[in-house]
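>
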Amino acid sequence: MSRSFTEWSICFGVFLIQCNFISGLCDLTSTTPCNNEIDSSPYKPTWESLDKRPLPTWYDEAKFGIFVHWGVFSVPSFKTEWFWSNWKGEKPSKIVVDLMNKNYRPNFTYQEFAKDFTAEFFDPNEWVDLFKASGAKYVVLTSKHHEGFTLWPSKYSFSWNAVDIGPHRDLVGDLAHAVRTRSNMTFGLYHSLFEWFNPLWLDDLKSNLTTQNFAKFKTVPELYELVEKYKPEVIWSDGEWWAPSEYWTSQEFLAWLYNSSPVKDTVVVNDRWGHETLCHHGGFYTCADHYNPGKLQKYKFENAMTIDKQSWGYRRNAKLSEYYTSEELIAELVTTVSCGGNFLLNVGPTKEGVITPIFQERLLDLGTWFNTSGEAIYGSKPWERCQNDTLTGNVWYTSVSRSNSLYLYAISLSWPKDGILSLACIKGLKIAEPVLLLGYDKPIKFSEGADAVKLYFPSKAETDMKMGYTFKFTFAFNQK
């Protein structure tokens with residue numbers, strides 16, 4: 086049977102992947118680079134050892150980051166970033182199949198979308214300025230999603246990367262450079278462990294994962310390549326659910342990352358390193374997409390969610406009602422941080438590299454809110470006594486300790502109809518005056534009752550605030 090050009094490219098690419106990786110190894114049974122010894126290093130390739138590594142403090146203090154889902158899936162920009170799987174996977178989506186049948190010629194392949202992933206309007210400086218204006222402290226870009234297309238010129242992804250086809254640019258490198266030269270934000274990368282239709286992966290699946298060719302010759306060398314070349318300080322792994330961490334050799338990679346890599350002291354990783362690791366192992370937990378537990382957690386977690394309610398990638402046919410409002414996003418941020426989490430908010434650029442106005446508006450609204458209330462978020466800690474007020478359910482607390490004082494922030498997600506906010510959690514505490522409403526230049530009047538402290542909002546005409554109203558209290562440190 087004759088092969089198509091795409092099939093020959095994939096086969097040749099697999100051959101080159103194996104040659105490139107083998108040429109850099111001394112021991113083909115190990116995925117750890119030969120010059121990095123871990124036996125005498127602090128962290129061993131076991132979860133017991135790796136989980137003892139302290140989380141770098143910058144991550145907990147940052148609180149808010151931007152996620153960017155961008156790839157060949159941005160070309161069809163329909164349904165979700167899982168377009169290829171929804172079209173050619175085991176359970177195809179009827180609306181995706183119908184779209185292809187009605188609008189594309191027979192035998193059209195997904196790889197043919199890549200030439201239209203042009204990124205001609207991608208200005209990394211413009212992106213960074215927008216992310217910085219949103220109040221974000223870190224940025225995480227999809228270096229490779231489940232489609233396998235890499236946004237950098239990976240030597241393990243022959244002809245299926247952004248330099249060989251499409252933009253003909255190192256998109257990872259361009260954004261990394263802009264983040265580091267135009268802002269104080271931290272740069273991170275998302276990376277998918279598996280690829281839907283990679284022949285090496287499919288062969289390993291057929292062997293019931295008794296072979297590890299895909300992990301050894303594709304995914305793991307990509308991870309080393311990314312770290313060595315771009316030095317990301319967040320590695321957001323995904324696609325772990327198909328196989329245990331032993332298949333992915335995740336523990337060996339993380340031991341190298343923590344002991345010997347160029348980012349060993351600052352890097353943070355999530356919990357998606359094997360089908361047994363989600364919500365159990367890693368630097369911070371994600372547990373599920375849109376994870377917002379609503380109560381204080383014993384571990385550091387991240388709420389990764391997207392402005393588009395139905396997709397992480399850009400959708401051409403999205404309706405206004407299918408985007409979260411700015412008020413809803415602030416509520417997610419506040420409730421997440423109050424319970425000890427970080428908030429990672431996703432945008433999906435177009436195939437041309439444009440972040441559309443509705444995404445821009447949402448991010449800038451967040452930035453405006455941070456300009457007023459950022460001190461209640463950055464560097465804050467959950468208030469152990471209360472996270473959510475027991476009387477007024479739309480009020481959430483954060484705290485910051487400085488010197489001998491505890492600064493407590495009560496964030497009301499709405500303006501009370503009568504202008505009076507009743508708080509049960511702070512009753513009985515000795516409140517030092519003044520009580521402040523951030524963004525308002527006069528002290529706030531309050532009264533203390535048997536069941537609650539009442540705060541009296543100013544007239545709406547006296548303030549420009551439109552969402553997320555933050556009150557600041559000062560207490561003696563021993564009242565925490």
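Residue 182 in this note's numbering sits at position 97 of the sequence shown, and the numbers go up by one each step. Ideal placement from N, C-alpha and C gives every residue a C-beta, glycine not left out.
1. Quick check: the region 287-297 against the region 312-321, are at least 3 beta-carbon pairs closer than 8 Å?
2. Round the Cβ separation of F428 and E417 to the nearest angstrom and send it over; I've been treating them as touching at under 8 Å.
3. Assuming I392 and V432 are in contact, meaning their beta carbons sit under 8 Å apart, how far apart are those beta carbons, in whole angstroms?
4. I need the straight-line Cα distance from L363 to K394, nearest angstrom please.
5. How would you write the range of the beta strand (DSSP E) that P139 sits in, first residue to last?
6. Below 7 Å CB to CB, which residues in the same chain sit around A328 once its five sequence neighbours on both sides are set aside?
7. Using a threshold of 8 Å, state whether the C-beta atoms of A546 and K512 are closer than that.
8. May I ask which residues mark the beginning and end of the beta strand (DSSP E) holding V153?
9. For S292, count the other beta carbons within 10 Å of its own beta carbon; 16 or more makes it buried, fewer makes it exposed. Which is it?
10. Assuming F560 and L493 are in contact, meaning their beta carbons sit under 8 Å apart, how far apart are those beta carbons, in whole angstroms?
11. Just checking F216 against the ligand SAM - is the residue's beta carbon closer than 7 Å to any of the ligand's heavy atoms?
12. Examine the Cβ distances between the region 369-389 and the region 135-146 and report whether three or more of them are shorter than 8 Å.
13. Quick one: residues in its chain with C-beta nearer than 8 Å to the C-beta of K385, no 5 flanking neighbours on either side, listed in chain order?
14. Tell me, please, which residues DSSP counts as bridged to L522.
15. Look at the alpha carbon of S162 and the alpha carbon of I516, and state the distance between them as a whole number of angstroms.
16. With a threshold of 6 Å on Cβ separation, who are the neighbours of T271 within its own chain once the five nearest residues in sequence on each side are excluded?
17. Rank S486, P378, D549 and T555 by C-alpha distance to the C-alpha of T421 and give the top, closest one.
18. Would you report the Cα separation of T457 and K316, rounded to the nearest angstrom?
19. Can you look up S108 in the DSSP assignment and give me helix, strand or coil?
20. Mapping DSSP to helix, strand and coil, what is T203?
21. If you drop the 5 nearest sequence neighbours on each side, which residues of the same chain put their C-beta closer than 6 Å to that of L522?
22. Please report how far the alpha carbon of S178 lies from the alpha carbon of V520, in whole angstroms.
23. Thinking just about the alpha-carbon of each residue, which of K349, V305 and T351 is nearest to the one in S330?
24. May I ask which residues mark the beginning and end of the alpha helix (DSSP H) holding M270?
25. Only counting runs of 3 or more residues, tell me where the beta strand (DSSP E) segments fall wholly within the region 248-314, in order along the chain.
With the given structure in hand:
1. With a cut-off of 8 Å, the region 287-297 and the region 312-321 do not count as touching, because too few Cβ pairs lie within range.
2. Taking the first residue of the sequence shown as 1, we reach residue 428 at position 343. Taking the first residue of the sequence shown as 1, we reach residue 417 at position 332. Between E417 and F428 the Cβ distance is about 7 Å, and since that is below 8 Å, they are a contact.
3. For the purposes of this step, residue 392 is taken as residue 307 along the sequence shown, with counting starting at 1. For the purposes of this step, residue 432 is taken as residue 347 along the sequence shown, with counting starting at 1. The C-beta distance from I392 to V432 rounds to 6 Å, short enough to meet the 8 Å contact threshold.
4. Walking along the sequence shown from the start, residue 363 turns up at place 278. Walking along the sequence shown from the start, residue 394 turns up at place 309. A direct Cα-to-Cα measurement between L363 and K394 gives close to 23 Å.
5. The residue labelled residue 139 in the question sits at position 54 within the sequence shown. Boundaries cannot be given for P139, as no beta strand (DSSP E) includes it and DSSP labels it neither H nor E.
6. As a first step, residue 328 must be located in the sequence shown, where it is residue number 243. Same-chain partners within the cutoff: L294, G359 and H360.
7. Within the sequence shown, numbered from 1, the residue matching residue 546 stands at position 461. Within the sequence shown, numbered from 1, the residue matching residue 512 stands at position 427. Against a cut-off of 8 Å, the Cβ pair of K512 and A546 comes out as no contact.
8. The count along the sequence shown starts at 1 and reaches residue 153 at position 68. Note, V153: beta strand (DSSP E), F149 to V153.
9. Here residue 292 refers to the residue found at position 207 when the sequence shown is read from its first residue. Counting the other CB atoms within 10 Å of its CB gives S292 a total below 16, which places it among the exposed residues.
10. Reading the sequence shown from its first residue, position 475 is the one you call residue 560. Reading the sequence shown from its first residue, position 408 is the one you call residue 493. Right, the Cβ-Cβ distance comes to about 6 Å (below 8 Å), so this counts as a contact.
11. In the structure on display, the ligand SAM does not appear, and there are no ligands present to speak of.
12. A contact between stretches requires three or more CB pairs, one per stretch, nearer than 8 Å, and the region 369-389 meets this requirement with the region 135-146.
13. Translated into positions along the sequence shown, residue 385 becomes position 300. So the qualifying residues of the chain are L140, Y144, D145, G368, F369, Y370, G425, G426 and N427.
14. For this step, residue 522 is matched to residue 437 along the sequence shown. Its beta-bridge partners are F556.
15. The residue labelled residue 162 in the question sits at position 77 within the sequence shown. The residue labelled residue 516 in the question sits at position 431 within the sequence shown. Cα to Cα, S162 sits roughly 53 Å from I516.
16. Taking the first residue of the sequence shown as position 1, residue 271 is located at position 186. Its chain contains Y223 and E318 as the residues whose beta carbon lies nearer than 6 Å to that of T271, once the 5 sequence neighbours on both sides are disregarded; these appear in chain order.
17. Counted from its first residue, the sequence shown places residue 421 at position 336. Of S486, P378, D549 and T555, the residue nearest in Cα terms is P378.
18. The count along the sequence shown starts at 1 and reaches residue 457 at position 372. The count along the sequence shown starts at 1 and reaches residue 316 at position 231. About 33 Å.
19. Along the sequence shown, one-based indexing puts residue 108 at 23. Only weak support exists for where S108 lies, its pLDDT of 44 falling under 50; the value from the coordinates is given anyway. Secondary structure of S108 (DSSP, three-state): helix.
20. Along the sequence shown, one-based indexing puts residue 203 at 118. In the displayed model, T203 falls within coil according to three-state DSSP, outside both helix and strand.
21. The residue you call residue 522 lines up with position 437 of the sequence shown. The residues are I529 and F556.
22. As a first step, residue 178 is located in the sequence shown; it is residue number 93 there, counting from the start. As a first step, residue 520 is located in the sequence shown; it is residue number 435 there, counting from the start. The alpha-carbon separation between S178 and V520 amounts to approximately 55 Å.
23. The residue labelled residue 330 in the question sits at position 245 within the sequence shown. Considering only alpha carbons, the answer is V305.
24. For the purposes of this step, residue 270 is taken as the residue at position 185 of the sequence shown. M270: not part of any alpha helix (DSSP H); DSSP gives it neither H nor E.
25. List check, beta strand (DSSP E) in window: 271-277.
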